[in-house]
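Protein chains in written order, with the numbering used here: chain A, 10 to 286; chain B, 126 to 446. Only one structure is covered here, and it is reproduced in the block below.
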Amino acid sequence: MPKSRLGDSAPVRSNDDVPADLWEECPRCKQFLYREDIRPLRVCDKCGYHFRLSVQERLAVTLEEGTFEPWGEEIEARDPLSFPEYAGKLVQHRERSGASEAILVGRGRLEGSDVAIGVMNLAFIGGSMGVVVGERVALLMERAAELSLPVIVFCASGGARMQESIISLMQMPKTCAAAGRLGQAGMLYVSVLTDPTYGGVTASYAFLGDVVVAEPSAAMGFAGPRVIEVTRLRIQPGVQTAEFQYEHGMVDLLVPRSQMRATLAGLIRWARGVGEP
Amino acid sequence: MSQREPPLLRLVGELTQLTAHLNRLREAPVVSDEEASDIARLQAQAEGLRAELGQAFGRASAWERVQLARHEQRPYTLDYVEAFVGQFTELHGDRAYGDDGAVVAGLGWVRGHRVAVIGHQKGRTARERRERNFGMPRPEGFRKAVRVMRLADKFGCPVLSFVDTPGADCLEEAESRGISEAIAVSQRTMFELGVPIVVVVIGEGGSGGAIGIGIGDRVLMLQHAYYSVITPEACAAILWRSEERAAEMATALCLTAEEALRLGAVDTVIEEPPLGAHSDPLETARRIEEAVVGALEELGGRGPGELRQSRYEKFRRMGCR
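Here you go:
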């Protein structure tokens, strides 16, 4: 490992020596990063690469501490199709991720504003949308409309959950309908696309935000890489990225994580008509 | 396709060839005794095949049903439009980018009911297939559908939507014009319409491309159509890294009409003629027309608010029964 790639402050170590809990390699610039140094935003201080955040990390950098209150945690997945190996997978992912499903929704306070918020969980079956994600997104939007709260959803998903097939597919219209009603209630909906956002989620609530925000370099697109492989066709690298979507007018804003909370807070204050200094 | 052709389709192919051969023989001017006995023998053979096929259809596997749904002789949207939509005026273009051949839209009449028709369209010849992009809509297809649905809403005219797509286009062009956004907006729009919407899944109900125009107060589905969140091939590739397991995944995905009905995704299954929709397109069209007219008459008395509310509730409950 050449010393220059490690930066001045980093000790020289071989890959095997690096204690994974303390150090992490940036997948883009290959610099070894001391985890404490990049907390809590988890952005490479050398090249600006955005590491994926866990749901708890996302809530921590978005909301005021201790203000999050979950909704709909009791909504749990069943196995409507008796799909091979699915029931076991659900149990395994609940245990492994400590989460009840692929999205956490609820309310909290963001820079002084009450908000309804959803954060998708990639660690739970790839953040895929089955009936529980659909239910919780619809609940989030309906309750936000009732309570007159703006909605923020941090999307991260491999797409619809294959193991619930047609049931998963039907969550797309469900969430689109709920987003429509939220809009009719006059409430702001900001969708934040994070790495990666694909498939049934992009083709439903992810792209229905009044404002669609994306984190830099996040992968996103309609069909995931493996689905495209099956078509025997090719898609150029770089097409399914936040930057491509931004250049083609599908995303309003590319917002680095360091600016995310302030950007969201500004949008919420604008929608409320308060907060001009 | 890496899979072996299923026996059902082989039988269908044999019967088609045999029938064509028989017809040629019958049309021949002079028939000798020898030829007459040939014809009789072939006729008996065709009857046997028909009987065998009838049984094969009865026990067709999910994977065979997918092949039937994709059968190149299966009637497409415009075949049904021609069969039972009167004075059809096709409308073109999304007013923003272009006209998508994979989605057709237009105005017409079904037995005295005004309708606005939208539907996926596949092609039959190599050229048509290219022009129709193999029935895979691009964003402008969904935006054209939205435009015509809005037009229908303005004039209080019900929407009739035919679903038949392997999936929406997912390549660079489609991405560059916002395929995901177009599908999402089309769905949201369908919940805003104050007119009845009747959807008929006639062939392939392929994922987001299908649901993009698939939201109805009544959703009907042909017996041998399929409806799935992903193709069995892609599902096998993702879960098992092998497309060879597509047949197995077709079963696991519960994509047949009976399963879609059981799971509440569709309201009615329309039975096909004994040897499938492609064996008798006119009879199939007649059955669809009957079901569509029934649905339109049932929904006819409902006001815009009631329709929107019941449609919302219908899809809000999906998966929660």
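We put the CB at the ideal spot given by N, CA and C, even for glycine.
According to DSSP, residue pairing for E78 of chain A in a beta bridge involves A:R116.
At a Cβ-Cβ threshold of 8 Å, I176 of chain A and L380 of chain B do not count as neighbours.
For I126 of chain A, no chain B residue has a C-beta closer than 8 Å to its own C-beta; the minimum C-beta separation is roughly 20 Å. Under the 10 Å beta carbon count, W279 of chain A is surrounded by fewer than 16 other beta carbons and is classified as exposed. The beta-carbon distance between H245 of chain B and T202 of chain B, rounded to whole angstroms, is 6 Å. This is short enough to meet the 8 Å contact definition. By the Cβ test, the region 220-233 of chain A is in contact with the region 195-204 of chain A, since at least three Cβ pairs between them sit closer than 8 Å.
The beta-carbon of K183 of chain A is placed less than 8 Å from the nearest beta-carbon of chain B. The beta carbon of R105 of chain A sits closer than 8 Å to those of A132, all from its chain and outside the five residues before and after it, given in chain order. Taking the C-beta atoms as reference points, V417 of chain B is found no nearer than 8 Å to M346 of chain B. Counting along the chain, the unbroken beta strand (DSSP E) around Y198 of chain A starts and ends at 198-207. Burial check for P399 of chain B: the Cβ neighbour count within 10 Å stays below 16, so the residue is exposed. P225 of chain A is outside the set of residues whose beta carbon lies under 8 Å from a beta carbon in chain B.
The alpha-carbon separation between V100 of chain A and V146 of chain A amounts to approximately 22 Å. Contact between L148 of chain A and N130 of chain A does not hold, since the beta-carbon distance rounds to 16 Å and is not under 8 Å. Shown here, F216 of chain A sits in a helix according to DSSP, grouped into three states. Close to E306 of chain B, with beta-carbon spacing below 7 Å, are these residues of chain A in chain order: F216, M259. Contact of I395 of chain B with chain A by beta-carbon distance below 7 Å is absent, the smallest such distance being about 18 Å.
When A:V160, A:A165, A:V142, A:M150 are compared, the shortest CA-CA separation from E173 of chain A is found for A:V142.
Take T184 of chain A, set aside five residues on each side of it, and the residues of its chain with a beta-carbon closer than 7 Å to its own are G143, V146, A147, S213, Y214, in chain order. Runs of the alpha helix (DSSP H) lying entirely within the region 118-160 of chain A, each at least 4 residues long, are 140-156 in chain order.
Cβ contact annotation for P89 of chain A (same chain, cutoff 8 Å, sequence separation greater than five): V140, E173, I176, in chain order. As summarised for the region 295-359 of chain B, the continuous alpha helix (DSSP H) elements at least 4 residues long and confined to that stretch are 297-301, 304-317, 332-336, given in chain order.
Q212 of chain B is outside the set of residues whose beta carbon lies under 8 Å from a beta carbon in chain A.
For Q212 of chain B, the enclosing beta strand (DSSP E) stretches over residues 211-216. CA-CA distance, L133 of chain B to R195 of chain B, rounds to 13 Å.
The beta-carbon of F163 of chain A is placed no less than 8 Å from the nearest beta-carbon of chain B.
Under the three-state reduction of DSSP output, D30 of chain A falls in the coil class, being neither helix nor strand.
Straight across, the Cα-Cα distance linking F440 of chain B with R433 of chain B is about 11 Å. With contacts defined as CB atoms closer than 8 Å, Y207 of chain A and G168 of chain A qualify as a contacting pair. Here the alpha carbons of L50 of chain A and G330 of chain B stand approximately 42 Å from one another. In the structure shown, V240 of chain B falls within a strand segment according to DSSP collapsed to helix, strand and coil. For T76 of chain A, no chain B residue has a C-beta closer than 9 Å to its own C-beta; the minimum C-beta separation is roughly 29 Å. Contact with chain A is found for Q312 of chain B, since one of that chain's Cβ atoms lies less than 8 Å from the residue's Cβ. Assignment of F60 of chain A by DSSP, reduced to helix, strand and coil, places it in the coil class. When only Cα atoms are considered, A111 of chain A and K269 of chain B end up about 34 Å apart. Of the other Cβ atoms in all chains shown, 16 or more fall within 10 Å of the Cβ of C295 of chain B; this residue is therefore buried.
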